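*Asks:*
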Amino acid sequence: MSTHRSLTAHGAMLLAVVALAAGCDQAASTDEAASTHEEAVPADGHVEAEATVRQIGASASFRGINGIHFGPSGDLWLASVVTPAVARIDPESGEILENLGLGDGPKSPDDLAFGPDGSVYWTDISNGEVAMRSPDGSARIVASPGVGVNPITFSDDGRLFVSQCFMDTRLFELDPQGVAEPRLIRDDLGPGCGLNGMDWGSADGRLYGPRWFRGEVARIDVDSGELETVADGFGVPAAVKFDSKGRLHVLDALRGEVVRLGEDGSREVVARVQPGLDNFAFNEEDRLFISSFADGFIVEAVSPDENRVVLAGGLNMPGGVALIGGAESSRLVVADFFALRQLDPTTGEELSVVRDVIGFSDFGSSMSVHATEEGQLVLTSWFDNAVRLWDPEADALVQVFGELAQPIDALVFDGEVVTSQWGAGNVIAFSPENPEQKRVLVDGLSGPAGLTVADGALYVADNLAGTLHRIGGDGSELVAEGLDQPEGLAAANGFVYVVEAGGGQVTAIDLTGGDSAPVAGPLELHVPPSGDFPNTMLFNGIATDGKTAWVTGDAANTVYVFDLD
10 MSTHRSLTAH
20 GAMLLAVVAL
30 AAGCDQAAST
40 DEAASTHEEA
50 VPADGHVEAE
60 ATVRQIGASA
70 SFRGINGIHF
80 GPSGDLWLAS
90 VVTPAVARID
100 PESGEILENL
110 GLGDGPKSPD
120 DLAFGPDGSV
130 YWTDISNGEV
140 AMRSPDGSAR
150 IVASPGVGVN
160 PITFSDDGRL
170 FVSQCFMDTR
180 LFELDPQGVA
190 EPRLIRDDLG
200 PGCGLNGMDW
210 GSADGRLYGP
220 RWFRGEVARI
230 DVDSGELETV
240 ADGFGVPAAV
250 KFDSKGRLHV
260 LDALRGEVVR
270 LGEDGSREVV
280 ARVQPGLDNF
290 AFNEEDRLFI
300 SSFADGFIVE
310 AVSPDENRVV
320 LAGGLNMPGG
330 VALIGGAESS
340 RLVVADFFAL
350 RQLDPTTGEE
360 LSVVRDVIGF
370 SDFGSSMSVH
380 ATEEGQLVLT
390 SWFDNAVRLW
400 DPEADALVQV
410 FGELAQPIDA
420 LVFDGEVVTS
430 QWGAGNVIAF
440 SPENPEQKRV
450 LVDGLSGPAG
460 LTVADGALYV
470 ADNLAGTLHR
480 IGGDGSELVA
490 EGLDQPEGLA
500 AANGFVYVVE
510 AGGGQVTAID
520 LTGGDSAPVA
530 GPLELHVPPS
540 GDFPNTMLFN
550 GIATDGKTAW
560 VTGDAANTVY
570 VFDLD
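Reading the sequence shown from the start, the letters are residues 10 to 574 in the numbering used here.
1) State the Cα-Cα distance for the pair E101 and R350, rounded to the nearest angstrom.
2) Rounded to whole angstroms, how far is the Cβ of V469 from the Cβ of P457, which I believe are closer than 8 Å?
3) Nearest-angstrom Cα distance between L532 and T389?
4) Where do the N-terminal and C-terminal ends of the beta strand (DSSP E) with N544 fall, by residue?
5) Identify every residue that forms a DSSP beta bridge with D508.
6) Does the segment 495-505 come into contact with the segment 480-487, if we say contact requires no fewer than three beta-carbon pairs (one atom in each stretch) closer than 8 Å?
7) Curious, which full-length alpha helix (DSSP H) runs of at least 4 residues does the segment 223-283 contain?
8) What residues in its chain sit with their C-beta under 6 Å from that of A510, if we drop five residues either side in the sequence?
9) What does the alpha-carbon distance come out to for the pair V188 and R397?
10) Once DSSP output is grouped into helix, strand and coil, what is the label at V588?
11) Quick one: is K250 buried, meaning 16 or more other Cβ sit within 10 Å of its Cβ, or exposed?
12) Following the continuous beta strand (DSSP E) through P531, name the residue where it begins and the one where it ends.
13) Assign E496 to one of three DSSP states: helix, strand, or coil.
14) Report yes if the C-beta distance between S172 and L183 is below 7 Å; otherwise report no.
15) Using alpha carbons as the reference points, say which of A69, P527 and H379 lies closest to T428.
16) Relative to the C-alpha of P115, which candidate in V151, S82 and G124 has its C-alpha closest?
17) Can you round the beta-carbon distance between L320 and I307 to whole angstroms, since I take them to be within the 8 Å contact cut?
18) Taking the CB atoms as reference points, tell me whether T516 and V505 lie closer together than 7 Å.
19) Please identify the residue among V279, A247, T521 and D208 whose C-alpha is closest to the C-alpha of G255.
20) In angstroms, rounded to a whole number, what distance separates the CA positions of D423 and F71?
21) What does the alpha-carbon distance come out to for the pair V366 and G285?
22) G155: which of S135, R168 and M141 sits nearest, CA to CA?
23) According to DSSP, K447 sits in a beta bridge with which residue or residues?
24) May I have a chain-ordered list of the beta strand (DSSP E) segments no shorter than 3 residues that lie completely inside the segment 132-204?
25) Ignoring anything shorter than 3 residues or poking outside the segment 341-392, list the beta strand (DSSP E) runs there in chain order.
26) Using only CA atoms, which one of T567, G434, Q408 and G334 lies nearest to D554?
27) How far does the beta strand (DSSP E) with A88 in it extend, from its first residue to its last?
28) For P416, count the other beta carbons within 10 Å of its own beta carbon; 16 or more makes it buried, fewer makes it exposed. Which is it?
29) In the DSSP assignment, find the unbroken beta strand (DSSP E) run with P219 in it and report its ends.
30) Quick check: is any heavy atom of the ligand SAM less than 6 Å from the C-beta of T461?
31) Taking the alpha carbon of P246 as the point to measure from, which residue in V239, V226 and L360 has its own alpha carbon closest?
32) Along the chain, where does the beta strand (DSSP E) that runs through S301 open and close?
33) If you follow the beta strand (DSSP E) that I105 is in, where does it begin and where does it stop?
34) Where does S128 sit, in a helix, a strand or coil, going by DSSP?
35) Taking the CB atoms as reference points, tell me whether A122 and T162 lie closer together than 7 Å.
36) May I have the straight-line CA-CA distance separating F243 from L87, to the nearest angstrom?
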């Protein structure tokens, strides 16, 4: 066992210090390398080598875009849970004019609306709070109705309404001034979600909203609580909005379209985009803008079959990464939370993508990924509390293992599925044929995270303790300590490569002597967790073929590439 930062004489590695040209405030091209500044780390008093870090993959400007709304000045505002951000953009150019993040009030903003005085209100879904920012720039919390608080809207006379979705199902009226306690309107709007993206019906004075898991749109008398279904048969209705003519529109996240409902019951598709859509907004001229949680873009629907890009999408919540295919046809798989992307490992060109719509896809969400010897993928999601075996050739589910305790990473080892469980503080193993019979390999970990196999042994990183452990038949052995929030692990060349999310670097740990040295950094890593989510949040993964390494930079929405020789 060694203390982190010591250098081995015979295994000296290299440090690449990167001046990052592309961050989350700009979209990066798929094949442009970031400019770099290089320094060498001395080993035994001399320079061993240098390496250059570059970036691949198209990067979104935000980590998923959720609610959008036009503000009083005509600019388009957006909410992004994972970034986190409440931002104002130019709807013509996509220029980000104002960006409020942690420290400015927003914590996990999912939706937003404007009060009569021009104040912007938003829901912090992971924190269970509703907050606002007045035109003078002051911000405060106005209510705490509970985790899962999601859509928000005002009535024409300034009454404020929110609902919970995905973490609870209640519908509330709130005091915009934050004096009176939230008033419960209904608590039986489930399953799984109350209402999602809501709007006020000016013609009848009712609150309209979609019921995600029921495929319906409902309207509610906010005083009596009376509910009426006005339309059904949708794939996944995620949001509703009225245009200036009072026509109701419904966004279908599963079908990737926006539908206009006629008073006679007719339906007309007014926009076709792709699955994974989140919300939409009309400006004063009834121009239609649409956001995506899965790809992190905003487009304007020019016609039913033509969309103008306002903010480009791409990698927007990159987590784990794995190599599949042979040397002649290798592909880089990125677990991008609500999408699974296959990229060209050299250029970053997107070769294929599968998207998740919560509760309605076999894929589910994924934060980490490992390849098996049989060519399958092991996908892990603490959001779903599940591990999945996935066929990347057919883009099909092979098997799912649910009811886990916030699994962070998983792989197949000696015919068993092995997964680190944040919620249980352990690493477990089970047979795919008998998943109910679980074995605890090691417990008592404060933040079990990344896994890898080296020389026939399992290794696990403890994110909160800053340690690396070798797992054996009698528990675990401490290999290294002093690591800064270690996440993804990969093994090659007699080393375990550790992604230190807190330190913004990749470190190589010599399995022979236990000494360590940084090999790449600084990198833009570690998106802060929302609410009570695991500290790993999106997960910074690493994959290697022994010569080259690929590391996901969740803070920059990118994949870093560097040589190990």
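Cβ coordinates follow ideal geometry from the N, Cα and C atoms, glycine included.
These numbers come from a predicted model, not from an experiment.
*Replies:* According to the structure data:
1) 29 Å
2) With 8 Å as the limit, V469 and P457 qualify as a contact, their Cβ atoms being about 6 Å apart.
3) 24 Å
4) Counting along the chain, N544 falls outside any beta strand (DSSP E), and DSSP gives it neither H nor E.
5) Note that residue 508 corresponds to Val in the displayed sequence, not to Asp. V508 is bridged to V515.
6) Result no; under three Cβ-Cβ pairs closer than 8 Å.
7) none
8) Q494, E496, L534, H535 and N549
9) 46 Å
10) Nothing about residue 588 can be read from this structure; the chain reaches only from 10 to 574.
11) buried
12) Per DSSP, P531 is not a residue of any beta strand (DSSP E), being assigned neither H nor E.
13) strand
14) No; because the gap between Cβ atoms is not below 7 Å, this pair is not in contact.
15) H379
16) V151
17) 4 Å
18) no
19) Comparing alpha carbon positions, the residue from V279, A247, T521 and D208 closest to G255 is D208.
20) 39 Å
21) 6 Å
22) Per the Cα distances, S135.
23) F439
24) 138-142, 148-152, 158-163, 169-173, 180-183 and 192-195
25) 348-352, 359-364, 377-380 and 386-390
26) G334
27) L85 to S89
28) buried
29) R215 to R220
30) As far as ligands go, the structure on display features none, and thus does not contain the ligand SAM.
31) V226
32) Element bounds for S301: L297 to S301.
33) I105 to L109
34) coil
35) yes
36) When rounded, the separation of the alpha-carbon atoms in F243 and L87 is 25 Å.
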